[in-house]
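Below: one structure, written as structure tokens.
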Amino acid sequence: MGRIAYVNGRFVPHGEAMVHIEDRGYQLADAVYEVWALFGGKLADPEGHFARLKRSLGELSIDMPMSRAALTLVLKEAVRRNRVLNGLVYLQVSRGVAPRDHAFPNPPVRPAVVITVSRTDLAASEARAAKGVGVVTTPENRWGRCDIKTVGLLPNALAKQKARAAGAVEAWFVDDLGFVTEGASSNAWIVDADGRLRTRDTNANILRGVTRLTLLDVIRAEGLEVEERPFTPADALAAQEAFITGAGSLVLPVVTVDGRPVGDGKVGPVAARLRRLYIEQAKATAI
Ligand code: PLP
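If you count by the working numbering, then the sequence shown holds residues 7 to 293, one letter each, in order.
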């Protein structure tokens, strides 16, 4: 059975799923998105992702395209039709279709909604986590509202390509003060030389990662020490461990930064344990 996508009220074969050429998401990146990890066909961290979707839309004055209850049903139906148990569900909401003009269409048009579902190769993703991945650093060059999850991802795409070309998996943006902000599609963490966990605070220009938020709860419940404050790439190299979090990466150990080893260059016990605990927690609360 082939993949199925949802486009503006219809389920259609993935290969035939189209949006209008004047969709403002396509022309102006005037759109937001969300990505849920799927465990056993259920949406992970539902609360956090729905809350962030509402916030992102609100910041751009785009209406919620439907109620949360209706959207949950549509997302779950998309997952069911694709028969995916472990994977990702992607939702994009644009301001809608209108003749090209930078200012918002007046009167407003209906937001355009697209959903796609993809399968994760669990064995490959566990093997990658067991081995750890490399990250490269790259100068922060994004706009000032990275807290809004918009599809304006060109700097992220270029950074990710830089990582890929270097044989790494993720790129960490580094701001003017020399601190890591976050990854191109993940939040960045270290276990510092004293064994304390550290990740950038959300006063910085970063996306408030839902996985990050759930993991903070997990960490506190475990009684581990954690600080939300900046670190530099040099701090990461001097750290015991590093890792990234996101709906796609879950909790993924980082063993090199710009080709140099983090700690002893091996996957550390804290990241490995937090990955396990995060997955347990996400499975238990998925809907
Ligand atoms: N930071 C950026 C720039 C991202 O694109 C993502 C996810 O796509 C994240 C962080 C992690 O966010 P979440 O844990 O909500 O997936």
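Even glycine gets a Cβ: it sits at the ideal position worked out from N, Cα and C. Treat the numbers as computed from the prediction; the structure is a model and nothing was measured.
What are the boundary residues of the beta strand (DSSP E) that includes I196? Position 190 of the sequence shown holds residue 196. Its beta strand (DSSP E) spans residues 193-197.
Out of R218, V90, R58, G254, point me to the one whose CA is closest to E234's CA. Here the question's residue 234 lines up with position 228 in the sequence shown. For the residues R218, V90, R58, G254, the minimum Cα distance to E234 belongs to R218.
Pair within 8 Å by beta-carbon distance, K48 and I212: The count along the sequence shown starts at 1 and reaches residue 48 at position 42. The count along the sequence shown starts at 1 and reaches residue 212 at position 206. Contact: no.
What's the call for S73, buried or exposed, on a 16-neighbour Cβ count within 10 Å? As a working note, residue 73 is residue 67 in the sequence shown. By the Cβ-count criterion, S73 is exposed, with fewer than 16 other Cβ atoms from all chains shown falling within 10 Å of its own Cβ.
For K60, which of T251, V232, T156 has the nearest alpha-carbon? Locating residue 60 in the sequence shown gives position 54, counting from the first residue. Here the closest residue by C-alpha is T156.
P113 (DSSP reduced to helix, strand or coil): Reading the sequence shown from its first residue, position 107 is the one you call residue 113. The answer is coil: DSSP assigns P113 none of H, G, I, E or B.
According to DSSP, what are the bridge partners of A177? As a position in the sequence shown, residue 177 is number 171, starting the count at 1. BP columns for A177 point to V142.
Whole beta strand (DSSP E) elements within the region 23-95, 3-residue minimum: Counting whole runs of 3 or more residues, the region 23-95 contains the beta strand (DSSP E) stretches 37-45.
Hey, T208 and R202 are a contact pair by Cβ (cut 8 Å); roughly how many whole angstroms apart? Here residue 208 corresponds to residue number 202 of the sequence shown, with the count starting at 1. Here residue 202 corresponds to residue number 196 of the sequence shown, with the count starting at 1. Rounded to the nearest angstrom, the Cβ distance from T208 to R202 is 18 Å, too far for a contact under 8 Å.
Let me check understanding here. Comparing Cα to Cα, which of G140, R151, D181, I68 lies closest to K166? Taking the sequence shown and counting its residues from 1, the one referred to as residue 166 is at position 160. The shortest C-alpha separation from K166 is found at G140.
Given T126, which residues of its chain have a CB within under 6 Å of its CB, disregarding the five upstream and five downstream residues? Along the sequence shown, one-based indexing puts residue 126 at 120. So the list reads N92, G93, once near-sequence residues are dropped.
Suppose the cutoff is 8 Å on Cβ atoms and the five residues either side in sequence are ignored; what does the same chain contact list for G150 look like? As a working mapping, residue 150 is identified with position 144 in the sequence shown. Here the set comprises N211.
Out of V216, D69, F56, state which residue places its alpha-carbon closest to the alpha-carbon of A75. Position 69 of the sequence shown, counting from 1, holds the residue named residue 75. Comparing Cα positions, the closest option is F56.
Rounded C-beta distance between I196 and A242? I'm assuming under 8 Å. What you label residue 196 is simply residue 190 of the sequence shown in a count that begins at 1. What you label residue 242 is simply residue 236 of the sequence shown in a count that begins at 1. That belief holds up - the Cβ atoms of I196 and A242 are roughly 5 Å apart, short of 8 Å.
Given this structure, state the Cα-to-Cα distance separating A104 from R30, to the nearest angstrom. Here the question's residue 104 lines up with position 98 in the sequence shown. Here the question's residue 30 lines up with position 24 in the sequence shown. About 7 Å.
V263 classed as buried or exposed, judged by whether at least 16 other C-beta atoms fall within 10 angstroms: Position 257 of the sequence shown, counted from the first residue, corresponds to residue 263. Answer is buried; the Cβ neighbour count reaches 16.
Roughly how many angstroms separate the alpha carbons of L79 and N162, rounded to a whole number? Reading the sequence shown from its first residue, position 73 is the one you call residue 79. Reading the sequence shown from its first residue, position 156 is the one you call residue 162. Cα to Cα, L79 sits roughly 31 Å from N162.
Do L44 and V95 come within 8 Å of each other at the CB atom, strictly closer than that value? The residue you call residue 95 lines up with position 89 of the sequence shown. The residue you call residue 44 lines up with position 38 of the sequence shown. Against a cut-off of 8 Å, the Cβ pair of L44 and V95 comes out as a contact.
Between A118 and N14, is the Cβ-Cβ spacing less than 8 Å? What you label residue 118 is simply residue 112 of the sequence shown in a count that begins at 1. What you label residue 14 is simply residue 8 of the sequence shown in a count that begins at 1. Contact: yes.
Just to check my reading of the structure: A11 and T122 have Cβ atoms closer than 8 Å, yes? What is that Cβ distance to the nearest angstrom? As a working note, residue 11 is residue 5 in the sequence shown. As a working note, residue 122 is residue 116 in the sequence shown. Cβ atoms of A11 and T122 come within 8 Å of each other, at about 5 Å.
Is DSSP giving L283 helix, strand or coil here? Residue numbering aside, residue 283 sits at position 277 when the sequence shown is read from its first letter. Here L283 sits in helix by DSSP.
Cβ-heavy atom distance, A118 to the ligand PLP, below 7 Å: Here residue 118 refers to the residue found at position 112 of the sequence shown. No, since every heavy atom of the ligand PLP falls outside the 7 Å radius drawn around the Cβ of A118.
Return yes when at least one heavy atom of the ligand PLP lies under 7 Å from the C-beta of N162, else no. In the sequence shown, the residue the question calls residue 162 occupies position 156. Checking every heavy atom of the ligand PLP against the Cβ of N162, one is found closer than 7 Å.
For A248, name the three-state secondary structure that DSSP assigns. Within the sequence shown, the letter at position 242 stands for residue 248. A248 falls in the strand class under three-state DSSP.
Three-state class that DSSP yields for P236 in the structure shown: On the sequence shown, residue 236 is found 230 positions in, with the first residue counted as 1. In the structure shown, P236 adopts coil according to DSSP, grouped into three states.
Work out the CA separation of K272 and H20 for me, nearest whole Å. Within the sequence shown, numbered from 1, the residue matching residue 20 stands at position 14. Within the sequence shown, numbered from 1, the residue matching residue 272 stands at position 266. Separation of H20 and K272 (C-alpha to C-alpha, rounded to the nearest whole angstrom) is 40 Å.
Between A210 and the ligand PLP, is the CB less than 7 Å from at least one heavy atom? As a working mapping, residue 210 is identified with position 204 in the sequence shown. Not one heavy atom of the ligand PLP is found less than 7 Å from the C-beta of A210.
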